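Peer 1: Heads up: the protein sequence lines correspond to chains A and B, in order. Numbering of the first sequence is given in my numbering, commencing with residue 65 and proceeding in unit increments. Numbering of the second sequence is given in my numbering, commencing with residue 65 and proceeding in unit increments. Note that beta-carbon positions come from the ideal geometry of N, C-alpha and C, so glycine has one too. Predicted model only: the values in this text are computed from it and were never measured. Please see the structure below; I have some questions.
Number of protein chains: 2
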Amino acid sequence: MAVTLKDVALRAGVSRSAVSRTFTKGASVSQKTRDKVLAAAVALNYQPNILARSLSTRRTKLVGLVSNNFHNPVFLQVFDLFTRRLQDHGLRPLLVNLSDETDPEASIQLLRQYSVDGVIVASSTLPPEFSKLFAEAGLPVVHTFGRYAEHPDVDTVGIDNFACGRMAAAALLSQQYTRIGYLGGPASATSSRDRLAGFQAELDKRSDVQLSHRFAEAYSFDAGRTAMLQELSTDPAEAYFCADDVLTIGAMSAVRSSGRSVPEDIGLIGLNDMEMAGWDSFSLTTIHQPIDAIVTASVDLVVAKLGREGPQDAPKAHLFPCHVVYRGTLR
Amino acid sequence: MAVTLKDVALRAGVSRSAVSRTFTKGASVSQKTRDKVLAAAVALNYQPNILARSLSTRRTKLVGLVSNNFHNPVFLQVFDLFTRRLQDHGLRPLLVNLSDETDPEASIQLLRQYSVDGVIVASSTLPPEFSKLFAEAGLPVVHTFGRYAEHPDVDTVGIDNFACGRMAAAALLSQQYTRIGYLGGPASATSSRDRLAGFQAELDKRSDVQLSHRFAEAYSFDAGRTAMLQELSTDPAEAYFCADDVLTIGAMSAVRSSGRSVPEDIGLIGLNDMEMAGWDSFSLTTIHQPIDAIVTASVDLVVAKLGREGPQDAPKAHLFPCHVVYRGTLR
DNA sequence: TCGTGCTTTGCAACCGGTTGCAAATTCTGC
DNA sequence: GCAGAATTTGCAACCGGTTGCAAAGCACGA
Chain A
65 MAVTLKDVAL RAGVSRSAVS RTFTKGASVS QKTRDKVLAA AVALNYQPNI
115 LARSLSTRRT KLVGLVSNNF HNPVFLQVFD LFTRRLQDHG LRPLLVNLSD
165 ETDPEASIQL LRQYSVDGVI VASSTLPPEF SKLFAEAGLP VVHTFGRYAE
215 HPDVDTVGID NFACGRMAAA ALLSQQYTRI GYLGGPASAT SSRDRLAGFQ
265 AELDKRSDVQ LSHRFAEAYS FDAGRTAMLQ ELSTDPAEAY FCADDVLTIG
315 AMSAVRSSGR SVPEDIGLIG LNDMEMAGWD SFSLTTIHQP IDAIVTASVD
365 LVVAKLGREG PQDAPKAHLF PCHVVYRGTL R
Chain B
65 MAVTLKDVAL RAGVSRSAVS RTFTKGASVS QKTRDKVLAA AVALNYQPNI
115 LARSLSTRRT KLVGLVSNNF HNPVFLQVFD LFTRRLQDHG LRPLLVNLSD
165 ETDPEASIQL LRQYSVDGVI VASSTLPPEF SKLFAEAGLP VVHTFGRYAE
215 HPDVDTVGID NFACGRMAAA ALLSQQYTRI GYLGGPASAT SSRDRLAGFQ
265 AELDKRSDVQ LSHRFAEAYS FDAGRTAMLQ ELSTDPAEAY FCADDVLTIG
315 AMSAVRSSGR SVPEDIGLIG LNDMEMAGWD SFSLTTIHQP IDAIVTASVD
365 LVVAKLGREG PQDAPKAHLF PCHVVYRGTL R
């Protein structure tokens, strides 16, 4: 069925090596044979089998793209960028959806079975220990949206969640809010905890400010809405830092459905600045995260690791600066 | 570096075939050797190389997942479902982002090079001719969200866009709208044109109804907003059928920013019923498309094709019923 | 104990490529 | 036209698996 090296060699009247060499650049072939081979290849519509090649070359050009965030709209943009950037480097994303997998070991086995050249873990909810397992299995790995550490176990690209927490606090303080709440994602997510820590650190400087906090079940609309409804049922704060835009939107929905309004009764500030945040139904004041730069850097990093052969440099955390985008959800 | 068959065979004191056979079910191995092999495999942390295996078995368990809809939030859900359903069958999605590729030939070459077992084209904007090229290249292909035809060139799963157009028309007529507009996605998308055709067919029955139409540049918020702003600048209709929810949300944004309100001044009905449609900021009246069923059927279909060896059954279109979900955007 | 039939095993060829090496060819300069 | 160097070529082994086939091992009944 499929056209192979041998078929082309036969038709071109040369050896299989000659055909192989015309398709691997830098190899020694005369123009004459190359022309013959190319003609035969075109005539037969030959496509080299990358997988067979990978047996010898030990390069599949496959990159595992592992994520568990399939419910946050910002990740559609993330996947779009990742696939494009990887394609720019001739790499192919093998998508692994971890949502219903609890066992990291399974995906590691999987990716090793497919001999992926590298792995990108794109998740703000998986812990560093998770990515570390990939590294220990000998796979070059980059953790995008991962937790910052001065000496991380794996290369990490993302933002300084602690600093973002401070930034959110400063924004709320500058608007003279004094009864303040934090609405996090899942308590198990490091991003949730780190953002709270930074937020807290900044607010602790002020003795006149009260801080409460609550973790939502997930970074999702429903979770944000549910958590905010609980807040509203007792004694809500004047303003909330929500750890993610989609959470913020859920919270806003809860506020409005309780008959209150944003920002008049309750102020909100989010994080991400996803496309939707600018839509006029929401008009979120939020902390902008430079997703494109983060994704591009992640891909560049993994590409650099693939190039190197032997021992890698020590893993490093790459942080990108964020800034507040003021729209309409703070007074 | 990597542990291979030979290493395991050596350690277990058996031949390579014995090792291979313990890892392919249905093969003839005695319990005794199987135990020895398994013990050695565990000790060495052996993972069979699927790509090497695929050379002999001609099965990679890779499925090309081709799409160009990375800007419509509903596709995040689509990707989530596809990856899960494929994983359920032990298949792995190789994601191909066609957004900036104009040449289908390139992705066909790519997928042939990786010897994918099958291809799923998940797009409502790519024409049937596109998927046909994959089929002609000998790849089992299913076009999800593709155009209905009685005798399609490739297996197609989706909804009856024409019928949805009629359904939208009926919904608007039942609310006594008489000056009616259609806001489509790109004019090049068959889904856009078919929905209009059905819409038109139903409205043509009524001589007292005026119909105008306009195509947006894309199925996106910005495109919907821009198109609606143009409508508003002249003489807008009383109600619009927008060919997609995200388009509807863009249109709603335009309506509101012009000082008008939905549904008081202008009624809207969308299509998809994506999760966001139910969020109370939007509360879209829209036509529900059973995405989960469509994706599941697509995967089942491609799995069935992989099982069969020889000539395939004639391609068929699989249609799923839609229904109107009434929320708050019609009077 | 031997012959029979069934199961298990290893050999060797193959899947579709790559690549070191030595032989064959072409190119230099004289 | 020729020696020597440089380039091109094909052979054969290898990448990590699978599998048809024949030989070896085994259990069983006579």
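Run through DSSP, which three-state label would leucine 335 (chain A) get?
Peer 2: Strand, per DSSP.
Peer 1: Between the stretch 385–394 of chain B and the stretch 319–327 of chain B, do at least 3 Cβ pairs fall closer than 8 Å?
Peer 2: Touching, per the Cβ criterion.
Peer 1: Could you compute how far the alpha carbon of serine 179 (chain B) sits from the alpha carbon of threonine 124 (chain B)?
Peer 2: Rounded to the nearest angstrom, the two C-alpha atoms are 7 Å apart.
Peer 1: Suppose you measure from the CA of leucine 293 (chain B) to the CA of phenylalanine 346 (chain B); what does that come to, to the nearest Å?
Peer 2: Those two C-alpha atoms are separated by around 18 Å.
Peer 1: What does isoleucine 114 (chain A) touch in chain B if you count any residue whose Cβ is under 7 Å from its own?
Peer 2: Gln177 and Tyr178, listed in chain order.
Peer 1: Would you grab the beta carbon distance between valine 183 (chain A) and leucine 190 (chain A) for me? Rounded to a whole angstrom, and I think it's under 8 Å.
Peer 2: About 12 Å separates the two Cβ atoms, so there is no contact after all.
Peer 1: Counting beta carbon pairs with one atom in the stretch 255–264 of chain A and one in the stretch 305–314 of chain A, are three or more of them shorter than 8 Å?
Peer 2: Short answer: they touch.
Peer 1: I'd like the span of the beta strand (DSSP E) that includes serine 94 (chain B), first residue to last.
Peer 2: Careful: serine 94 (chain B) lies outside any beta strand (DSSP E) and carries neither H nor E.
Peer 1: Any Cβ of chain B within less than 8 Å of the Cβ of phenylalanine 194 (chain A)?
Peer 2: With 8 Å as the cut-off, phenylalanine 194 (chain A) does not count as an interface residue toward chain B.
Peer 1: Measuring alpha carbon to alpha carbon, tell me which residue in A:Asp364, A:Ala315 and A:Ile355 is nearest tryptophan 343 (chain B).
Peer 2: When only C-alpha atoms are compared, the closest one is A:Ala315.
Peer 1: Could you tell me whether the stretch 201–215 of chain A touches the stretch 149–162 of chain A, where touching means 3 or more Cβ pairs closer than 8 Å?
Peer 2: No: fewer than three Cβ pairs fall under 8 Å.
Peer 1: What did DSSP end up calling valine 83 (chain A) once you bin it into helix, strand or coil?
Peer 2: If DSSP states are grouped into helix, strand and coil, valine 83 (chain A) belongs with the helices.
Peer 1: Quick one: give me the first and last residue of the beta strand (DSSP E) that phenylalanine 384 (chain A) is part of.
Peer 2: 381–384 is the span of the beta strand (DSSP E), which, as asked, contains phenylalanine 384 (chain A).
Peer 1: To the nearest angstrom, how far is the alpha carbon of alanine 265 (chain A) from that of isoleucine 333 (chain A)?
Peer 2: Computed Cα separation, rounded: 17 Å.
Peer 1: My understanding is that leucine 145 (chain A) touches valine 359 (chain A), with C-beta atoms under 8 Å, so please give their C-beta distance in whole angstroms.
Peer 2: The pair is a contact, with the Cβ atoms about 4 Å apart (cut-off 8 Å).
Peer 1: Evaluate the contact criterion for the stretch 242–251 of chain A versus the stretch 264–284 of chain A: three or more CB pairs, one atom per stretch, below 8 Å.
Peer 2: Enough Cβ pairs lie closer than 8 Å, so yes.
Peer 1: Per DSSP, what kind of secondary structure is proline 157 (chain A) in: helix, strand or coil?
Peer 2: Strand, per DSSP.
Peer 1: Once you ignore the five residues that flank valine 142 (chain B) on each side, which residues in its own chain have a CB closer than 7 Å to its CB?
Peer 2: Same-chain partners within the cutoff: Ala186, Ile355 and Val359.
Peer 1: Flag aspartate 377 (chain B) as yes if its beta-carbon sits less than 8 Å from any beta-carbon of chain A, otherwise no.
Peer 2: It does not: the Cβ of aspartate 377 (chain B) has no partner Cβ on chain A nearer than 8 Å.
Peer 1: With a cut-off of 8 Å on the beta carbons, I'd call glutamine 274 (chain A) and arginine 243 (chain A) a contact; round off their distance for me.
Peer 2: Indeed, because the Cβ distance is near 5 Å, the residues count as touching under 8 Å.
Peer 1: With DSSP as the reference, please indicate the residues paired to cysteine 228 (chain B) in a beta bridge.
Peer 2: Answer is none; cysteine 228 (chain B) lacks a bridge partner.
Peer 1: Within 8 Å of any Cβ in chain B, is that where the Cβ of glutamine 294 (chain A) sits?
Peer 2: So, not an interface residue.
Peer 1: Kindly indicate which residue of A:Phe87, A:Ala91 and A:His135 has the alpha-carbon position closest to the one of glycine 288 (chain A).
Peer 2: Here the closest residue by C-alpha is A:His135.
Peer 1: Between the alpha carbons of isoleucine 203 (chain A) and proline 379 (chain A), how many angstroms are there, rounded?
Peer 2: According to the sequence provided, residue 203 (chain A) is leucine. The question's isoleucine does not apply to it. Cα to Cα, leucine 203 (chain A) sits roughly 13 Å from proline 379 (chain A).
Peer 1: Could you list the residues in the stretch 104–135 of chain B with a C-beta less than 7 Å from some C-beta on chain A, going in chain order?
Peer 2: Within the stretch 104–135 of chain B, the qualifying residues are Gln111, Pro112, Asn113, Ile114, Leu115, Ala116, Ser118, Leu119, Thr124 and Phe134.
Peer 1: Whole angstroms are fine: how far does the CA of lysine 96 (chain A) sit from the CA of serine 118 (chain B)?
Peer 2: For serine 118 (chain B) and lysine 96 (chain A), the distance between alpha carbons rounds to 34 Å.
Peer 1: Just checking: is the beta-carbon of aspartate 144 (chain B) within a distance shorter than 8 Å of some beta-carbon in chain A?
Peer 2: By this cut-off, aspartate 144 (chain B) is an interface position.
Peer 1: Is the beta carbon of valine 130 (chain B) less than 8 Å from the beta carbon of leucine 155 (chain B)?
Peer 2: No, the Cβ-Cβ distance between valine 130 (chain B) and leucine 155 (chain B) is not below 8 Å.
Peer 1: For alanine 357 (chain A), which of A:Cys386, A:Val106 and A:Arg372 has the nearest alpha-carbon?
Peer 2: Alanine 357 (chain A) has its Cα closest to that of A:Cys386, out of A:Cys386, A:Val106 and A:Arg372.
Peer 1: By the three-class DSSP mapping on this structure, what secondary structure does glycine 371 (chain B) have?
Peer 2: Three-state DSSP puts glycine 371 (chain B) in a helix.
Peer 1: So which of B:Pro300, B:Arg320, B:Ile313 and B:Ala103 has the shortest CA-CA distance to aspartate 337 (chain B)?
Peer 2: Residue B:Ile313 is the option with its Cα nearest to aspartate 337 (chain B).
Peer 1: Looking at the C-beta of aspartate 71 (chain B), does it have a partner C-beta in chain A at a distance below 8 Å?
Peer 2: No, because no Cβ of chain A sits closer than 8 Å to the Cβ of aspartate 71 (chain B).
Peer 1: Just checking: is the beta-carbon of phenylalanine 226 (chain A) within a distance shorter than 8 Å of some beta-carbon in chain B?
Peer 2: False, the Cβ-Cβ gap to chain B never drops below 8 Å.
Peer 1: When DSSP builds the beta bridges, which residues end up paired with glutamine 274 (chain B)?
Peer 2: Partner(s): B:Arg243.
Peer 1: How many Å lie between valine 366 (chain B) and alanine 381 (chain A) at the Cα?
Peer 2: One C-alpha to the other measures close to 42 Å.
Peer 1: Looking at phenylalanine 226 (chain A): is its Cβ nearer than 8 Å to the Cβ of glycine 262 (chain A)?
Peer 2: Contact flag set, yes.
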